[in-house]
Structure formats: structure tokens, C-alpha cells
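Working notes, beginning with the structure itself.
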Amino acid sequence: MRPATDPPVAEPLLSVQGLHAGYGHGEVLHGIDVTVPRGQVVVLLGANGAGKTTLMRCISGELRATGRIELDGDALGGLPAHQISRRGVALVPQGRGTFADLSVRDNLAVAALQLPRAERDVEMERWLDRFPRLAERSKVAAGMLSGGEQQMLAIARACIGRPRVLMCDEPSLGLSPAMSKEVFEVFEQLHDESGLAMLIVEQNAGLALGVADLALVIEGGRIVWRGTPRDLHDDDALVSAYIGDLEEI
Ligand SMILES: Nc1ncnc2c1ncn2[C@@H]1O[C@H](COP(=O)(O)OP(=O)(O)OP(=O)(O)O)[C@@H](O)[C@H]1O
Numbered sequence: 102m103r104p105a106t107d108p109p110v111a112e113p114l115l116s117v118q119g120l121h122a123g124y125g126h127g128e129v130l131h132g133i134d135v136t137v138p139r140g141q142v143v144v145l146l147g148a149n150g151a152g153k154t155t156l157m158r159c160i161s162g163e164l165r166a167t168g169r170i171e172l173d174g175d176a177l178g179g180l181p182a183h184q185i186s187r188r189g190v191a192l193v194p195q196g197r198g199t200f201a202d203l204s205v206r207d208n209l210a211v212a213a214l215q216l217p218r219a220e221r222d223v224e225m226e227r228w229l230d231r232f233p234r235l236a237e238r239s240k241v242a243a244g245m246l247s248g249g250e251q252q253m254l255a256i257a258r259a260c261i262g263r264p265r266v267l268m269c270d271e272p273s274l275g276l277s278p279a280m281s282k283e284v285f286e287v288f289e290q291l292h293d294e295s296g297l298a299m300l301i302v303e304q305n306a307g308l309a310l311g312v313a314d315l316a317l318v319i320e321g322g323r324i325v326w327r328g329t330p331r332d333l334h335d336d337d338a339l340v341s342a343y344i345g346d347l348e349e350i
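First residue of the sequence shown: 102, per the numbering used here; consecutive thereafter.
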């Protein structure tokens with residue numbers, strides 16, 4: 102494994118420097134540096150318990166941390182989660198974070214509340230057009246949707262506020278291989294259409310690296326490797342530790 106040195110990167114959009122965080126007295130992240138360049142997709146790989154979710158929770162303002170978190174040069178550290186979301190950082194959490202008892206349409210309506218009133222309906226319709234399966238089920242409670250439909254709804258909810266960075270924690274968790282592929286196709290389309298920058302945590306490394314511009318490996322709360330998917334592919338130790346099946350790259 103080679104040292105975690107920075108390869109040349111495009112202009113940073115989201116930048117995390119020297120981040121320390123944990124729960125109670127136990128530190129989980131020990132000085133994390135992560136950059137999501139403008140218009141790029143970054144995939145974060147790592148074993149269970151390495152700190153991936155914790156990092157996303159810190160960036161989204163759910164968990165306090167020390168260190169610097171900046172979006173386009175503006176400090177986000179210390180801001181409450183709703184303000185970080187308004188600045189343009191959206192998180193699709195593990196477990197999707199939709200309201201199970203609300204209909205698909207109402208889930209979108211709640212997410213649209215962050216937009217100016219005049220734009221809410223248009224934006225909701227845009228996302229229902231975008232996901233015809235959600236449009237067909239717009240009156241169905243989110244809790245009654247399939248896992249894949251719930252994931253699409255969660256992505257639509259996150260995107261409705263027009264984020265500048267979309268973070269997604271284990272989007273394929275519990276989904277069939279076919280549905281996981283569909284979710285990653287959505288990421289690819291979103292990225293191609295609008296150059297949306299993304300930070301994705303995903304266990305299915307083959308699938309995630311297929312859409313990634315950059316990959317990071319986190320171990321024990323430290324970033325131990327960073328590079329392109331192709332670099333990762335060439336590193337036998339990393340492949341056997343984190344990937345196994347590279348057919349998707
Ligand atoms: N709410 C919490 N309270 C105490 N410890 C926690 C809490 N959440 C996570 N941890 C601990 O922090 C460490 C990092 O957890 P985290 O969920 O960030 O890892 P992860 O890389 O996302 O793993 P996974 O793939 O299992 O979700 C683990 O040791 C975990 O047990």
C-alpha cells in the first residue's frame with residue numbers, strides 16, 4: 102500500500118482538513134483530510150467501523166467535530182445541519198431517511214420546503230418526471246415502497262434543494278444487484294447532466310468505482326490511500342482487501 106499522498110486534483114468544492122470526531126470520550130476520526138473536487142465523484146471505501154458514516158455525519162453537521170470543513174472556501178464547521186443543507190450539502194443517510202408514513206408526494210413536499218414557495222411545485226414535478234416509478238406511486242406511503250424505490254425517493258428528496266455536493270451513505274444496502282446498478286446509473290446521469298459533485302460511501306466497490314473519478318480508503322479513522330479507480334485497480338493489496346470483484350471498473 103502506498104502512502105496517502107494527494108494526486109493532482111481539480112478545484113476543491115468540498116474540503117475537509119484535520120477532522121477529529123468521535124462519540125463520548127472515544128475518538129473515531131483521527132485527523133481526516135478529504136477533498137471533493139468541483140464536478141467530481143469521490144468514493145469512500147473502508148471496512149465496517151472504519152468511520153465512513155461518522156465522517157458524513159460530521160460534514161452534514163449532525164455530529165460535532167474539530168478541524169476545517171469548507172464548501173467553496175466558506176467554513177461550514179459549527180453550523181447547524183439545516184444551514185449546511187441550505188448551503189448546498191445534501192446527505193442521503195444509510196437507511197434512506199424518508200418519512201415512512203408520508204406519501205411519496207408529501208416526502209418530496211417536505212424536502213421542497215427549503216425552496217422559495219414559487220419554485221416548490223415545479224421542482225417536485227421535475228423529480229416525479231425524473232423517476233416515473235415514483236410518479237406512479239406518488240400517493241403511496243414511503244414505507245410501502247420497495248427498497249429501490251425508497252432509495253430513489255431519498256435521492257430525489259436530497260436533490261430537490263439543488264445541492265452542490267450530494268453525499269450518499271451505502272446506497273445499495275439491502276438492494277438487489279439489478280436495483281443497485283440502477284441506483285448507480287442514476288448517480289451517473291445526475292453527474293453527467295449537471296456536474297453534481299458527490300461523495301459516496303459504498304460496500305459494493307466494483308459498482309461505486311465504475312462512476313468514481315477518485316477513490317479514498319479509510320482505515321481506523323484515517324485516510325490511508327487516495328487515487329483514481331485505475332490506480333486502485335493496479336494495487337493488488339488494495340484490490341484483495343477492499344474489492345475482490347473488479348468487473349464493473
Ligand atoms: N452513535 C454512536 N455511539 C458510539 N459509537 C459509535 C456510534 N456510531 C458509530 N460508533 C462507532 O464509531 C466507529 C465508526 O463507526 P461508523 O459507523 O462511522 O463506521 P462505518 O465505516 O460507517 O461502518 P459501517 O460500514 O459499519 O457503517 C465504530 O467503532 C462504531 O462502533
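Think of the CB as a built atom: it goes at the ideal place given N, C-alpha and C, for glycine as much as any other residue.
Keep in mind that this is a model prediction, so the values were computed, not measured.
Check whether the stretch 172 to 184 and the stretch 240 to 252 touch, using three or more Cβ-Cβ pairs below 8 Å as the test.
no
Close beta carbons around W228, own chain, < 8 Å, minus the five adjacent residues each side:
L209, L235, A257, C260 and I261
Short check: CB of A191 to CB of T155, under 9 Å?
no
What's the gap between the Cα of V143 and the Cα of E237?
32 Å
Got a sec, what are the start and stop residues for the alpha helix (DSSP H) H329 sits in?
According to the sequence as given, residue 329 is Thr; it is not His. Element bounds for T329: n/a, residue is neither H nor E.
Count the C-beta pairs between the stretch 132 to 139 and the stretch 110 to 118 that are closer than 8 Å, then say yes if the count reaches three, no if not.
yes
How would you label D46, buried or exposed, when you count the other beta carbons within 10 angstroms and need 16 or more for buried?
No information on residue 46 is available, as it lies outside the stretch 102 to 350 that the chain covers here.
Which two residues bound the contiguous beta strand (DSSP E) that contains V117?
P113 to Y124
Examine ligand 1 and report whether any of its heavy atoms sits within less than 8 Å of the Cβ of L156.
yes
Quick one: residues in its chain with C-beta nearer than 7 Å to the C-beta of E224, no 5 flanking neighbours on either side, listed in chain order?
A213, L216 and I261
Roughly how many angstroms separate the alpha carbons of L347 and D335, rounded to a whole number?
Caution applies to L347, whose pLDDT of 45 falls short of 50 and renders its modelled position unreliable; the model cannot decide the point.
For Q195, is the beta carbon positioned less than 8 Å from some heavy atom of ligand 3?
Inclusion of ligand 3 in the displayed structure is not the case, the ligand content consisting of ligand 1 alone.
Taking only heavy atoms of ligand 1 into account, decide whether any of them is closer than 8 Å to the Cβ of N149.
yes
Pick from D202, I344 and A151 that is closest to L310, judged by C-alpha positions:
I344
What's the call for P330, buried or exposed, on a 16-neighbour Cβ count within 10 Å?
buried
To the nearest whole angstrom, what separates the beta carbons of Q141 and D314, a pair I think is in contact under 8 Å?
4 Å
Does the distance from the CB of L297 to the CB of L267 come in under 9 Å?
yes
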